[in-house]
Amino acid sequence: MPLVTSTEMFKKAYEGGYAIGAFNVNNMEIVQGITEAAKEVNSPLILQVSAGARKYAKHVYLMKLIEAAIEDTDLPICVHLDHGDSFDICKSCIDGGFTSVMIDGSKYSFEENIELTKKVVEYAHARGVVVEGELGKLAGIEDDVNVSDEDAQFTNPAEVEEFVTRTGVDSLAIAIGTSHGAFKFKGEPRLRFDILEEVSKRLPNFPIVLHGASSVIPEYVEMINANGGNMPGAQGVPEAMLRQAAGMAVCKINIDSDLRLAMTGTIRKYFAEHPEHFDPRQYLSPARANIKELVKHKIVNVLGSNDKI
Ligand code: G3H
Ligand code: 13P
Ligand code: ZN
């Protein structure tokens with residue numbers, strides 16, 4: 008099975024009322040944990056690579072690891088650039104074999120975002136690569152952000168048709184209240200499903216992407232806190248909300264922090280129980296196994312992409 012784009016995955020996900028998990032990868036154990044999980048439950052996958060991951064592991068290593076995972080599992084896998092912030096990084100990933108890129112022009116004005124995104128789309132589409140754009144800014148959780156500031160950050164549904172038509176993007180990330188990392192909400196978790204609903208009315212059958220979608224699973228936060236860590240107040244998106252989004256127009260759900268928490272929690276616990284060990288294989292094995300369990304749980308109980316190959 009060669010690498011695939013997300014086009015077919017999103018079409019089926021939209022029609023079937025489920026979502027594809029887009030998991031961030033940084034090293035071999037993470038790639039193996041995710042792909043072995045997807046294999047066991049027969050799920051398509053998006054593996055995504057950030058600029059930081061490319062810097063940490065190098066493009067070629069990540070590409071070869073993903074190629075190895077495809078050979079090992081025969082899964083349909085899409086390799087995606089997460090949060091590309093310039094034409095050059097998108098071009099480098101397209102030239103380097105990625106089948107999908109995100110151009111994140113959300114920090115620019117509407118017109119500048121359109122101009123940059125359109126340029127990436129033209130380059131990508133000419134080479135059979137698909138593009139995710141972004142409109143709106145993911146919520147920050149700074150204490151001094153007031154309600155009207157927060158409103159200004161959400162995606163404005165009135166802008167989405169023009170953005171999609173003028174850029175030609177294949178999917179769109181929108182801001183409805185999620186944020187990156189392990190501290191997502193100040194109080195009760197709240198997502199603007201009304202915005203998602205309005206966006207999907209204006210863009211019929213068009214795949215929407217949800218960033219910042221880790222649930223910050225309490226079991227792993229507790230494992231970290233019980234073994235020398237300090238993450239009071241960590242809180243993620245409740246799974247029920249993710250299921251609701253997956254049943255609507257959201258076809259891609261981005262997960263990174265949960266993988267980090269599972270890996271770090273497992274390794275902290277391992278060292279607390281085995282302070283004398285120093286062979287990386289000893290602590291990376293349970294970390295990889297827990298990533299696998301976590302991803303299986305996400306696919307079967309949250310995303311609903313199991314048995315969809
Ligand atoms: O959205 C950001 C992802 O979690 C990637 O994070 O830039 O630290 O690799 P990173
Ligand atoms: P989390 O930090 O919630 O895992 O979000 C990851 C993400 O959106 C990657 O683009
Ligand atoms: Zn993101």
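Numbers 8 to 316, taken from the numbering used here, label the letters of the sequence shown in order. Glycine included, each C-beta is placed from N, C-alpha and C at the ideal position.
{"Asked": "Cα-Cα separation between Y130 and I73, rounded to whole angstroms", "Found": "23 Å"}
{"Asked": "Entirely enclosed alpha helix (DSSP H) segments - the region 159-210, minimum 4 residues", "Found": "167-174 and 200-209"}
{"Asked": "Check: G91 C-beta below 7 Å from any heavy atom of the ligand G3H", "Found": "no"}
{"Asked": "Uninterrupted beta strand (DSSP E) stretches inside the region 253-279 (no shorter than 3 residues)", "Found": "257-262"}
{"Asked": "Simplified DSSP assignment, three categories, for I316", "Found": "coil"}
{"Asked": "Check whether F192 and Q242 have beta carbons under 8 Å apart", "Found": "yes"}
{"Asked": "Any alpha helix (DSSP H) of 4 or more consecutive residues that is wholly inside the region 42-110", "Found": "58-64, 66-80 and 94-102"}
{"Asked": "Closer than 7 Å: N33 CB and nearest the ligand ZN heavy atom", "Found": "no"}
{"Asked": "Pick from E47, S57, P9 and E36 that is closest to A29, judged by C-alpha positions", "Found": "S57"}
{"Asked": "Any non-hydrogen atom of the ligand ZN within 7 Å of G24 CB", "Found": "no"}
{"Asked": "Beta carbon of D263 nearer than 8 Å to that of I224", "Found": "no"}
{"Asked": "Sub-8 Å separation of M270 and I298 beta-carbons", "Found": "yes"}
{"Asked": "Opposing strand residues paired with E139 [DSSP bridges]", "Found": "M109 and S178"}
{"Asked": "Same chain only: Cβ atoms within 8 Å of N232, ignoring 5 sequence neighbours per side", "Found": "M238 and P239"}
{"Asked": "Contact test: H284 Cβ vs the ligand G3H heavy atom, cutoff 7 Å", "Found": "no"}
{"Asked": "Secondary structure of L217, DSSP reduced to three states", "Found": "strand"}
{"Asked": "6 Å Cβ shell around I274 - same chain, five flanking residues per side excluded", "Found": "Y290 and A294"}
{"Asked": "Beta-carbon spacing of V257, L301 below 8 Å", "Found": "no"}
{"Asked": "DSSP three-state assignment for A131, whether helix, strand or coil", "Found": "helix"}
{"Asked": "F17 (DSSP reduced to helix, strand or coil)", "Found": "helix"}
{"Asked": "Closest by C-alpha distance to G140, when choosing among E246, A165 and D89", "Found": "D89"}
{"Asked": "Coarse secondary structure for L224, derived from DSSP in three states", "Found": "Correcting the residue identity first, residue 224 is Ile in this sequence and not Leu. Correct three-state label for I224: coil."}
{"Asked": "Same chain, Cβ closer than 6 Å to V38, neighbours up to 5 away in sequence not counted", "Found": "V32, L72 and A76"}
{"Asked": "I181 versus G112, P83 and N234, residue with shortest Cα-Cα distance", "Found": "G112"}
{"Asked": "Paired residues, beta bridge with I27 - DSSP", "Found": "K259"}
{"Asked": "Neighbourhood of V127 by C-beta distance below 7 Å, restricted to the same chain and skipping five residues each side", "Found": "F94, C97, V108, I110 and V138"}
{"Asked": "Distance cut-off 7 Å: D265 Cβ against heavy atoms of the ligand G3H", "Found": "no"}
{"Asked": "Beta carbon of K303 nearer than 8 Å to that of A133", "Found": "no"}
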